[in-house]
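Visitor:
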Amino acid sequence: MKKKLPIGISSLREIIYGDYIYVDKTFFVHELVNTGKYYFLSRPRRFGKSLFVDTLKEAFEGNKELFQGLYIYDKWNWEVKYPVIHISFAEKVFHSRKELEEEMIEILKLNMVNLGVNCENLKNPASCFRELIRNVKEKYQQNVVILIDEYDKPILDNITNIEIAREMREGLKNFYSVIKGQDANIKFVFMTGVSKFSKVSIFSGLNNLRDITINKKYSSICGYTEEDLIKYFSEYLLDKNIDDIRYWYNGYSWTGNERVYNPFSILNYLEDGEFKNYWFESATPTFLIELLKEKKYYIPQLETLETDESLIGTFDIDFIEPENLLFQAGYLTIENYHQDYGEIWYKLTYPNKEVKVSLNNYILKHYSYSSQETINRKKNLKEYLEKKDIEKIKELMESHFASIPSDWYRKNDIDHYEGYYASVFYSYFASLGLDIRCEDTTNYGKIDMVVLMKHAIFIFEFKVIKSQEEIGQALKQIKEKNYIEKYKSNNVSIFLVGIEFDKDKRNIIGYEWELG
């Protein structure tokens, strides 16, 4: 009988004794402990962070029987056992700093019970934490291991309420600052979460914390490589197409080289056998969509976005940029990077079809007035593309903009930037999971959007115009700049489509096309 799939299980003990498949990550446990002391790792939700933290805990506690047959089994000194303080904020949603501090005390009490020590100060979390570390060191005569999981959840729970988020930040800063002063009593520290907050804002004093988030050595510390997939899940892949699986679920990268699968998505797929949006459906990025609206973000640039290290490296509630949130939450990933005059520049893109389709579906939902009408239009768009019916595509897009009442625009103020119309147009195509190139470079300029299909290629140019006299400029630009030249070798029909939008009429005012 084949082993079970460990969907949603974050306990190493349960996986080993429950006869679940365990993808061996103990190489990284060995590497971390032998090369450093203080670590921080950021990964998106449902990526296996909690399981890795639990694996560290079991290793330091010397539970040798769990590691039989794993990489670390004959490389670890099982005779030495270390006391572990395990802190996780994953189990509750916090609405105030008071609730946070009460939970901190409860977490510390649980550690006291597990470790057989007491603390006198049960009113101040930071003081209690400090006392706990000292008392544990004194009892066991061994330096303490501190593992902190979901360190940032109290802030992220309140990201839409800045004042409460700031309170959470201050409470966590006070709590975590204890670690720096206890260096002499500490063996090892590992902190993990979704976001990397700046050291100034939350890790004050923890300047010795080594961030391994974007580090080639640890790029697959969480998630499954394709090698892992084939090695551990071969029995589940017998009737599956690996190319389709890769297209749907592989692609997350923190180095631009090695790519991994999100465990939650791929495990659910192997269980169900259906290509669906498993990871995305486990949470809704409402705050992200509102931020994209607020920043008047040009959605097509998500296909290929270049940014510097500052916008993907750190995050703070007083300075939230879409690129930062998109990357750290897992909606964008590193495709490649290069160094220019001492600065590192990253090229970001969607990790895979699951994320691309799901995110653009969600964007469309919030950029539209009726979700059901949008679903119907998407279905029709796919049919029109297959039939190469360019006029029907025009009617479909016109109906989208015409269906939105003026009152909706007043509430959203979304039509006040030129990128809105092209963003909606793009998201319809992207939500179908099509091969799209935006700002595609040619010898003559950049094409706004190209859709590549097996039977045809569609070249789109968008313009927002102010008068009837400007109609026709979009198609004219495609032809004058000879954008078609780049795609002639594909030997399929090529359609040149110029589209002009009118902000006052809030709809398409010019739509011309030619078969190239």
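Counting the sequence shown from 1 gives a position; this note's numbering is that position plus 827.
Note that beta-carbon positions come from the ideal geometry of N, C-alpha and C, so glycine has one too.
All values derive from a computational prediction rather than experimental measurement.
1) Using three-state DSSP, classify Ala1156 as helix, strand or coil.
2) Can you name, in chain order, every residue of its own chain whose Cβ lies under 8 Å from the Cβ of Glu947, other than the five neighbours on each side?
3) If you draw a straight line from the alpha carbon of Val1251 to that of Leu1208, how long is it in whole angstroms?
4) From the DSSP output, which residues share a beta bridge with Gln1166?
5) Answer yes or no: do Leu1152 and Leu1118 have a C-beta to C-beta separation smaller than 8 Å?
6) Have a look at Lys1103, Glu906, Cys955 and flag the residue whose alpha-carbon is nearest the alpha-carbon of Glu928.
7) Of the choices Leu1132, Glu1130, Tyr1076, whose alpha-carbon is the least far from that of Tyr1105?
8) Taking all protein chains shown into account, do 16 or more other C-beta atoms lie within 10 angstroms of the C-beta of Thr1201, making it buried, or fewer, making it exposed?
9) Compute the Euclidean distance between the alpha carbons of Lys1215 and Tyr1248, then round it to the nearest angstrom.
10) What's the C-alpha gap between Lys1308 and Pro1127?
11) Pull up the distance between the alpha-carbon of Glu965 and that of Gln1009, whole angstroms please.
12) Of the residues Ile1298, Val856, Lys1332, which one's Cα is nearest the Cα of Gly1325?
13) Can you give, in chain order, each stretch of the alpha helix (DSSP H) that sits fully within the region 1074–1118 and has at least 4 residues?
14) Using the Cβ count rule (16 or more neighbours within 10 Å means buried), how would you classify Asn1068?
15) Could you pull out every residue in the same chain whose Cβ sits closer than 8 Å to the Cβ of Lys831, ignoring the five residues on either side in sequence?
16) Where do the N-terminal and C-terminal ends of the beta strand (DSSP E) with Asp1262 fall, by residue?
17) Taking one C-beta from the region 1076–1092 and one from the region 884–896 each time, how about it: are there three or more such pairs within less than 8 Å?
18) Just the C-alpha distance for Asp976 and Tyr1194, rounded to the nearest angstrom, thanks.
19) Report the option in Val920, Ile1286, Ile1041 whose CA atom is closest to the CA atom of Tyr866.
20) Around the C-beta of Gly835, are 16 or more other C-beta atoms found within 10 angstroms, so that it is buried, or is it exposed?
21) On the three-state DSSP scale, how would you describe Ser1320?
22) Buried or exposed for Ala1301, please, with buried defined as at least 16 other CB atoms from any protein chain shown within 10 angstroms of its CB.
23) Mind checking Ala1229: buried by the 16 CB within 10 Å criterion, or exposed?
Guide: Result, derived from the coordinates:
1) coil
2) Glu958
3) 13 Å
4) Ile1171
5) yes
6) Cys955
7) Tyr1076
8) buried
9) 22 Å
10) 21 Å
11) 13 Å
12) Ile1298
13) 1090–1099
14) exposed
15) Gly845, Asp846, Tyr847, Ile848
16) 1262–1268
17) no
18) 35 Å
19) Ile1041
20) exposed
21) strand
22) buried
23) exposed
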